[in-house]
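*Asks:* To convert a position in the sequence shown, counted from 1, into this note's numbering, add 1337. First the structure, which I've put down as structure tokens, then a few questions once you've had a look.
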Amino acid sequence: MKGEYNFSKMSNNRITYFAETDARNKRTPFGIRENDRSRHLYVIGKTGMGKSTLLENMAVQDIQNGEGMAFIDPHGKTAELLLNYVPQERIKDVLYFAPFDMEHPISFNVMEDVGYDKRHLVVSGLMSTFKKIWQDAWSARMEYILSNTILALLEYPGATLLGVNRMLADKDYRKKVVDNIKDLSVKSFWVDEFAKYTDRFAAEATPAIQNKIGQFTSNLLIRNIVGQEKSSFDIRKIMDEKKILIINLSKGRVGEVNANLLGSMLITKIYLGAMSRADASPGELHKLPNFYLYVDEFQSFANESFADILSEARKYKFSLTIAHQYIEQMSEEVRAAVFGNVGTMISFRVGAFDAEILEKEFAPQFTAEDMVNLGFAQIYLKLMIDGVSSSPFSAVTMPPIAEPEISFKQDIVDSSRGQFGRPRTTVEEDIRKWHEVEPKTADVSRAPFSKREFKPADRPYPPKTAFSASRFPAGESEDRQKREPADFKPNNYFKKDDVPKYDNRPKISEENFEKPQSDDFVPLKSFKNVAPPTPAVPRAQIDISIKRTDEKTVYKPEPKKITEENKNLLKEALQSALKTAIPKNDTEKEKSHPPSNHNVQNSQPKEISEETLRKMLEVKE
């Protein structure tokens, strides 16, 4: 019957306090109801303005009120501080995940027990995380191969992230995984595409992926966490049983890239745990407890799946509280999801650029100038009240909650190690067995894909011939001749195009030399009787008259007799040259030494005999 369940009345509307009103100098504490928290909280502000303290106060209240929660801290300070507020009766409810505790690694396998309908969420989360980390070196080909690799491993029992590189390098392991694939599209990639890749293409495509994944899997800290086949904890169980998950991803102790990868995978796994509540009936879902996730500096872990969390998580009683410093830290897709789905928005002091964007949310009560000039712990906010967003108003966040006199911090750490951790030696032994290490017979001293170096005995040499004698120094060819095989043929050594072929030369006819190209050129008599040298004849035996002058080779052909007709033509040419040369010389002389009147009157043209001119031009008949 419609309206049978009145969830707003049946649910516990506990209030979580986080600020005080400052109107008219009157301080009144206020907070947000449990139902309204399902619409998520968004906190923004510059560093040192009090964001972390606000998150700490809300998380402490959840811990002390017996709620289930998870806190992801990239700094480490808040994670360690929250341990001091855990009461004695909740010591065993805490999972303290500290990756830098290398002697007791906690297993976390993001690829474990993923249903068929949730595999695309895991792949999408991992792909967006890898793409964000390697944005400068990311390519569509890398994403295509890596996504199919992860999809194949998700169907293989006991697969981990360590299997990515092994699947690309180990053919036997790849065959086992491919034989187990049920998804036709994924199997088609490995059978019809990847199997037909040439060695050269595979050598170009796969090392890029292996290098990136190897940065994590080769790290001992990360390998001992993600390399275990079975996770130490069940996210769905933590959510349903109101457990406490505190994740210390201190970038100073874990490394920024490693922290971002682990944080993104944990958020994806928590989201999958919340989505798994979809199999519960409406009545069962109503009975399930709320679970609260806090993420400080969430831009470090935000990926494309974060938009789905903001839009879908409310249906499964999963509430999100996120904080960061400025808007440009978010991608366009995540930014649109935040401003479109967040119910409660809290702003500390921000920069001018962020103030212009946030002014649209807080106008007309507050302007961009107001948000830039906020003091420490002062906030402007729009609060979700019974499903309706309030008008913007100002407030002051509460000071830190006083720590209890007795802290059970060390007891909590020891309890968490005992329940969820394993000895380091045991974990490394299991990983070694998974790799199935065997003695390698290959030469690992040579770099992969390097060019083979041939020794002299590995390469055949041509037989000793007159032609080879001209190519190889004396004495050396005799040593090589001894190493030649008995059935060796020259064609096995020389390429077809390397053998000189004089028959392919264009034929030279005497017609091309009938007329001289110039007056002082005398052509060769004939080329008909001149035979080209053969390859078997050494160059030194070719009978050609060679005269060397100043290191230049000059060929002296037989001169041709000059006929009477040529003599007349030559005579006319010489006389014409004489008439042209004498006035030219006189003109140049006049320019440099102008003649006097006396010289001009008595000057007579000079006469030079033809014989003298011939001697000057060095022309012989």
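Think of the CB as a built atom: it goes at the ideal place given N, C-alpha and C, for glycine as much as any other residue. None of the values given here were measured: they were computed from a predicted structure.
Mind checking A1596: buried by the 16 CB within 10 Å criterion, or exposed?
*Replies:* The residue labelled residue 1596 in the question sits at position 259 within the sequence shown. Looking at its Cβ environment, which holds 16 or more other Cβ atoms inside 10 Å, A1596 is buried.
*Asks:* Take V1733 as the anchor and find which of A1396, Q1398 and D1359 has the nearest alpha-carbon.
*Replies:* Numbered from its first residue, the sequence shown carries residue 1733 at position 396. Checked all of A1396, Q1398 and D1359; the closest Cα to V1733 is D1359.
*Asks:* Could you pull the start and end residues of the beta strand (DSSP E) that T1704 belongs to?
*Replies:* Mapped onto the sequence shown, residue 1704 falls at position 367. Looking at the DSSP string, T1704 is not in any beta strand (DSSP E), and its letter there is neither H nor E.
*Asks:* Count the other C-beta atoms from every protein chain shown that fall within 10 angstroms of the C-beta of H1377, then say buried if there are 16 or more, exposed otherwise.
*Replies:* Position 40 of the sequence shown, counted from the first residue, corresponds to residue 1377. H1377 is buried by the Cβ-count criterion.
*Asks:* Among residues of its own chain, excluding the 5 on either side of F1655, which ones have a beta-carbon nearer than 6 angstroms to its beta-carbon?
*Replies:* One-based indexing of the sequence shown puts residue 1655 at position 318. The residues are A1611 and F1628.
*Asks:* Taking C-beta to C-beta, are L1463 and A1660 nearer than 9 angstroms?
*Replies:* Residue 1463 sits at position 126 when you count from the first residue of the sequence shown. Residue 1660 sits at position 323 when you count from the first residue of the sequence shown. Not closer than 9 angstroms, so no.
*Asks:* Helix or strand or just coil, what does DSSP make of P1366?
*Replies:* As a first step, residue 1366 must be located in the sequence shown, where it is residue number 29. Here P1366 sits in strand by DSSP.
*Asks:* For L1625, tell me which candidate among Y1510, L1598, R1573 and E1566 has the shortest Cα-Cα distance.
*Replies:* The residue given as residue 1625 occupies position 288 in the sequence shown. When each option's Cα is compared against that of L1625, the closest is R1573.
*Asks:* Taking just the CA atoms, how far does E1742 sit from T1486?
*Replies:* Translated into positions along the sequence shown, residue 1486 becomes position 149. Translated into positions along the sequence shown, residue 1742 becomes position 405. Cα to Cα, the separation comes out at about 52 angstroms.
*Asks:* Taking the alpha-carbon of V1679 as reference, which of P1366, D1373 and A1356 has the nearest alpha-carbon?
*Replies:* Position 342 of the sequence shown holds residue 1679. Selection P1366, D1373 and A1356 evaluated against V1679 yields D1373 as nearest (Cα-Cα).
*Asks:* Rounded to whole angstroms, what's the CA-CA distance from E1634 to F1730? Just pull it up for me.
*Replies:* Here residue 1634 refers to the residue found at position 297 when the sequence shown is read from its first residue. Here residue 1730 refers to the residue found at position 393 when the sequence shown is read from its first residue. C-alpha separation (whole angstroms): 25 angstroms.
*Asks:* Within a Cβ cutoff of 7 angstroms, which residues of the same chain sit near E1641, ignoring the five residues on either side of it in sequence?
*Replies:* Translated into positions along the sequence shown, residue 1641 becomes position 304. Closer than 7 angstroms at Cβ, skipping near neighbours: S1461, S1465 and E1670.
*Asks:* Applying the criterion that 16 or more other CB atoms from any shown protein chain within 10 Å of the CB defines a buried residue, is S1728 buried or exposed?
*Replies:* For the purposes of this step, residue 1728 is identified with residue 391 of the sequence shown, where counting begins at 1. In the assembly as shown, S1728 is an exposed residue. Its beta-carbon has fewer than 16 other beta-carbons within 10 Å.
*Asks:* Got a sec, what are the start and stop residues for the alpha helix (DSSP H) E1649 sits in?
*Replies:* As a working mapping, residue 1649 is identified with position 312 in the sequence shown. Taken as a continuous stretch (DSSP letters only), the alpha helix (DSSP H) holding E1649 covers S1642 to E1649.
*Asks:* Provide the residue span of the beta strand (DSSP E) that contains Y1631, from first to last.
*Replies:* Looking up residue 1631 in the sequence shown gives position 294. First-last of the beta strand (DSSP E) with Y1631: F1628 to D1633.
*Asks:* May I ask you to list the residues that DSSP assigns as paired with D1410?
*Replies:* Residue numbering aside, residue 1410 sits at position 73 when the sequence shown is read from its first letter. Per DSSP, N1585.
*Asks:* Going by DSSP in three states, G1452 sits in which element: helix, strand or coil?
*Replies:* Reading the sequence shown from its first residue, position 115 is the one you call residue 1452. Coil at G1452, not helix or strand.
*Asks:* Which residues in the same chain have their Cβ closer than 6 angstroms to the Cβ of I1604, if we skip the five residues on either side of it in sequence?
*Replies:* Within the sequence shown, numbered from 1, the residue matching residue 1604 stands at position 267. Around I1604: F1638.
*Asks:* Does chain C have any CB closer than 9 angstroms to the CB of Q1401?
*Replies:* Of the protein chains in the structure, only one exists, and it is not chain C.
*Asks:* Who are the Cβ neighbours of K1606 in its own chain at under 6 angstroms, not counting the five residues just before and after it?
*Replies:* Looking up residue 1606 in the sequence shown gives position 269. Closer than 6 angstroms at Cβ, skipping near neighbours: V1447 and I1572.
*Asks:* Sort K1719, A1714 and V1451 by Cα distance to F1703 and report the nearest one.
*Replies:* Counting from 1 along the sequence shown, the entry for residue 1703 is found at position 366. When only C-alpha atoms are compared, the closest one is K1719.
*Asks:* Is A1596 helix, strand or coil by DSSP?
*Replies:* As a first step, residue 1596 is located in the sequence shown; it is residue number 259 there, counting from the start. Reduced to three states, the DSSP call for A1596 is helix.
*Asks:* What number of angstroms, rounded off, separates the C-alpha of G1387 from the C-alpha of N1421?
*Replies:* Sequence index remark: in the sequence shown, residue 1387 carries index 50 (1-based). Sequence index remark: in the sequence shown, residue 1421 carries index 84 (1-based). Across the structure, G1387 and N1421 are spaced so that their CA atoms are roughly 20 angstroms apart.
*Asks:* Using only the alpha-carbon positions, how far apart do L1499 and Y1608 sit?
*Replies:* Counting from 1 along the sequence shown, the entry for residue 1499 is found at position 162. Counting from 1 along the sequence shown, the entry for residue 1608 is found at position 271. Rounded to whole angstroms, L1499 to Y1608 spans 23 angstroms at the Cα level.
*Asks:* Look at P1436 and L1586 and say whether their C-beta atoms are less than 9 angstroms apart.
*Replies:* Along the sequence shown, read from residue 1 onward, the residue named residue 1436 stands at position 99. Along the sequence shown, read from residue 1 onward, the residue named residue 1586 stands at position 249. Yes. Within cutoff.
*Asks:* Is S1726 helix, strand or coil by DSSP?
*Replies:* Counting from one through the sequence shown, the residue named residue 1726 turns up at place 389. If DSSP states are grouped into helix, strand and coil, S1726 belongs with the strands.
*Asks:* Assuming V1591 and L1558 make a contact with CB atoms under 8 angstroms, what is their CB distance in whole Å?
*Replies:* Indexing the sequence shown from 1 puts residue 1591 at position 254. Indexing the sequence shown from 1 puts residue 1558 at position 221. Yes, V1591 and L1558 are in contact; Cβ-Cβ is about 7 angstroms, under 8 angstroms.
*Asks:* Find the nearest neighbour of G1589 within the set L1711, D1410 and I1482, judged by alpha-carbon distance.
*Replies:* For the purposes of this step, residue 1589 is identified with residue 252 of the sequence shown, where counting begins at 1. Of the candidates L1711, D1410 and I1482, the one whose C-alpha sits nearest the C-alpha of G1589 is D1410.
*Asks:* Can the beta-carbon of E1566 be found less than 9 angstroms from the beta-carbon of E1698?
*Replies:* In the sequence shown, the residue the question calls residue 1566 occupies position 229. In the sequence shown, the residue the question calls residue 1698 occupies position 361. With contacts defined by Cβ atoms closer than 9 angstroms, E1566 and E1698 do not form a contacting pair.
*Asks:* Helix, strand or coil for K1654 per DSSP?
*Replies:* Indexing the sequence shown from 1 puts residue 1654 at position 317. Three-state result, K1654: coil.
*Asks:* Thinking just about the alpha-carbon of each residue, which of K1469, I1749, G1564 and N1502 is nearest to the one in R1959?
*Replies:* For residue 1959 there is no data in the structure shown, the boundaries of the chain being 1338 and 1958.
*Asks:* Going straight from the alpha carbon of A1489 to that of S1555, what length do you get?
*Replies:* Position 152 of the sequence shown, counted from the start, is the residue given in the question as residue 1489. Position 218 of the sequence shown, counted from the start, is the residue given in the question as residue 1555. Taking the straight line joining both Cα atoms gives about 22 angstroms.
*Asks:* Over the uninterrupted beta strand (DSSP E) stretch that includes L1378, give me the two end residues.
*Replies:* Walking along the sequence shown from the start, residue 1378 turns up at place 41. Start and end: L1378 to I1381.
*Asks:* Please state whether the Cβ-Cβ distance between K1580 and D1399 is less than 9 angstroms.
*Replies:* Reading the sequence shown from its first residue, position 243 is the one you call residue 1580. Reading the sequence shown from its first residue, position 62 is the one you call residue 1399. Against a cut-off of 9 angstroms, the Cβ pair of D1399 and K1580 comes out as no contact.
*Asks:* Quick one: any contact between the region 1474-1481 and the region 1506-1525, if contact means 3 or more CB pairs under 8 angstroms?
*Replies:* At 8 angstroms Cβ cutoff, the stretches do not touch.
*Asks:* Output the boundary residues of the beta strand (DSSP E) element that contains Y1433.
*Replies:* As a working mapping, residue 1433 is identified with position 96 in the sequence shown. Residues V1431 to F1434.
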